[in-house]
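Quick note on the numbering used here: the sequence shown kicks off at 76 and runs consecutively.
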Amino acid sequence: MYNFTNDWFNYHKYIWDSLINDLNPSKVLEIGSFEGASACYLIDKISKKENSELICVDLWPWEEVEKRFDENINKCLMKSFDKISFQKKKGHSHKIMAELLVNNKENYFDLVYVDGSHTADDVVFDACFAFKLCRPGGIIIFDDYLWPVVKKLPLEKKPKMAIDAFTNIFHDKITIIQKSLYQLYVVKNLKEKNHKKIY
Numbered sequence: 076m077y078n079f080t081n082d083w084f085n086y087h088k089y090i091w092d093s094l095i096n097d098l099n100p101s102k103v104l105e106i107g108s109f110e111g112a113s114a115c116y117l118i119d120k121i122s123k124k125e126n127s128e129l130i131c132v133d134l135w136p137w138e139e140v141e142k143r144f145d146e147n148i149n150k151c152l153m154k155s156f157d158k159i160s161f162q163k164k165k166g167h168s169h170k171i172m173a174e175l176l177v178n179n180k181e182n183y184f185d186l187v188y189v190d191g192s193h194t195a196d197d198v199v200f201d202a203c204f205a206f207k208l209c210r211p212g213g214i215i216i217f218d219d220y221l222w223p224v225v226k227k228l229p230l231e232k233k234p235k236m237a238i239d240a241f242t243n244i245f246h247d248k249i250t251i252i253q254k255s256l257y258q259l260y261v262v263k264n265l266k267e268k269n270h271k272k273i274y
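Here is the structure:
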């Protein structure tokens, strides 16, 4: 039904199934969407909820990739009978996430998926903005934590340095719930200790 040229997302679906079932999110922000595999999965999962919302952010620098994204999302939305509020935002993630904060989206999203740029300087911006946009008790998922394992790239060209910096700086405000080595999953700590945890 969908037109995906890779199966990268399938490696993580079994973990996401568990997280989504526990978190039960309705407001999701995705940074980096490519052809829409994870976005279609999320639409299927959250569209049954009232007031569900998904925002996808990407540069889509390749026309053919953006075209596949649009086609895949349109097919998925037709299945959901438009029960979900969907927004596609094309542009640099730091600018769009800053706009979301200005528009009162701080502590708003149940789930933020960070899978955009792979350079450390970009990822650290995405991580800090994701923390501000994620609600207490919500989850931030960092993709490509160990990307690329086999390639000899300098540290600043990989996400890991930025993600490690974020988790070290915010260590008292997050809880790491490691379920794989390739992705890193963190919970934004609840402000009040007597709130029920979702993990």
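Where a beta carbon is used, it is the ideal one built from N, C-alpha and C, also for glycine.
Assigned secondary structure, Asp133 (DSSP; H/G/I helix, E/B strand, else coil) = Residue 133 sits at position 58 when you count from the first residue of the sequence shown. DSSP, reduced to helix, strand and coil, places Asp133 within a strand of the structure shown.
Any idea what DSSP makes of Tyr116, helix, strand or coil?
-> Within the sequence shown, residue 116 is the residue found at index 41, counting from 1. Helix.
Can you name the start and end residues of the alpha helix (DSSP H) that Ser160 belongs to?
-> For the purposes of this step, residue 160 is identified with residue 85 of the sequence shown, where counting begins at 1. In the DSSP assignment, Ser160 falls outside any alpha helix (DSSP H) and lies within the beta strand (DSSP E) extending over Ser160 to Lys165.
For the candidate residues Cys151, Val261 and Ala202, whose alpha-carbon lies nearest to that of Gly212?
-> One-based indexing of the sequence shown puts residue 212 at position 137. It is Val261.
Could you check how far apart the C-beta atoms of Leu98 and Ile214 are, in whole angstroms? I think they sit under 8 Å.
-> The count along the sequence shown starts at 1 and reaches residue 98 at position 23. The count along the sequence shown starts at 1 and reaches residue 214 at position 139. Indeed they touch by this definition, with Cβ atoms about 6 Å apart.
Check the C-beta distance from Tyr188 over to Ile216 and give it rounded, since I have them as a contact under 8 Å.
-> Numbered from 1 along the sequence shown, position 113 holds the residue referred to as residue 188. Numbered from 1 along the sequence shown, position 141 holds the residue referred to as residue 216. Between Tyr188 and Ile216 a beta carbon distance of about 5 Å is seen, short of the 8 Å cut, so the two are scored as contacting.
Using 8 Å as the threshold, is the segment 99–111 in touch with the segment 122–132, meaning 3 or more CB pairs across them?
-> Flag = yes, the segment 99–111 and the segment 122–132 touch.
Would you list the one or two residues that DSSP bridges to Tyr188?
-> Counting from one through the sequence shown, the residue named residue 188 turns up at place 113. Its beta-bridge partners are Glu105 and Ile216.
Tell me whether Lys180 sits in a helix, a strand or coil according to DSSP, three-state version.
-> For the purposes of this step, residue 180 is taken as residue 105 along the sequence shown, with counting starting at 1. Looking at Lys180 - three-state DSSP - the assignment turns out to be coil, as it is neither helix nor strand.
First and last residue of the beta strand (DSSP E) that includes Leu259?
-> Numbered from 1 along the sequence shown, position 184 holds the residue referred to as residue 259. Start and end: Leu259 to Lys263.
When the Cα atoms are used, what is the spatial distance from Phe156 to Asp185?
-> Translated into positions along the sequence shown, residue 156 becomes position 81. Translated into positions along the sequence shown, residue 185 becomes position 110. Using only the alpha carbons, I get a separation of about 22 Å.
Compare the beta carbon distance of Phe204 and His167 with 9 Å and say whether it is the shorter of the two.
-> Along the sequence shown, read from residue 1 onward, the residue named residue 204 stands at position 129. Along the sequence shown, read from residue 1 onward, the residue named residue 167 stands at position 92. Going by C-beta atoms, Phe204 is not nearer than 9 Å to His167.
With Ile95 as the anchor, note down where its beta strand (DSSP E) starts and where it stops.
-> Within the sequence shown, the letter at position 20 stands for residue 95. Looking at the DSSP string, Ile95 is not in any beta strand (DSSP E); the run it does join, the alpha helix (DSSP H), is Lys88 to Leu98.
Please look up how many angstroms separate the CB atoms of Glu231 and Ala195, rounded, as I've assumed it's under 8 Å.
-> Translated into the one-based positions of the sequence shown, residue 231 becomes position 156. Translated into the one-based positions of the sequence shown, residue 195 becomes position 120. Cβ atoms of Glu231 and Ala195 come within 8 Å of each other, at about 5 Å.
Starting from the Cα of Asn81, find the closest Cα among Cys209, Val140, Ile251 and Leu256 and give me that residue.
-> As a first step, residue 81 must be located in the sequence shown, where it is residue number 6. Taking only the C-alpha atoms, the option nearest Asn81 is Val140.
Could you give the DSSP three-state label for Ser255: helix, strand or coil?
-> Residue 255 sits at position 180 when you count from the first residue of the sequence shown. Reduced to three states, the DSSP call for Ser255 is coil.
CA-to-CA distance, Lys163 to Met236, given in whole angstroms = By one-based count along the sequence shown, residue 236 stands at place 161. By one-based count along the sequence shown, residue 163 stands at place 88. Each residue's alpha carbon lies about 29 Å from the other.
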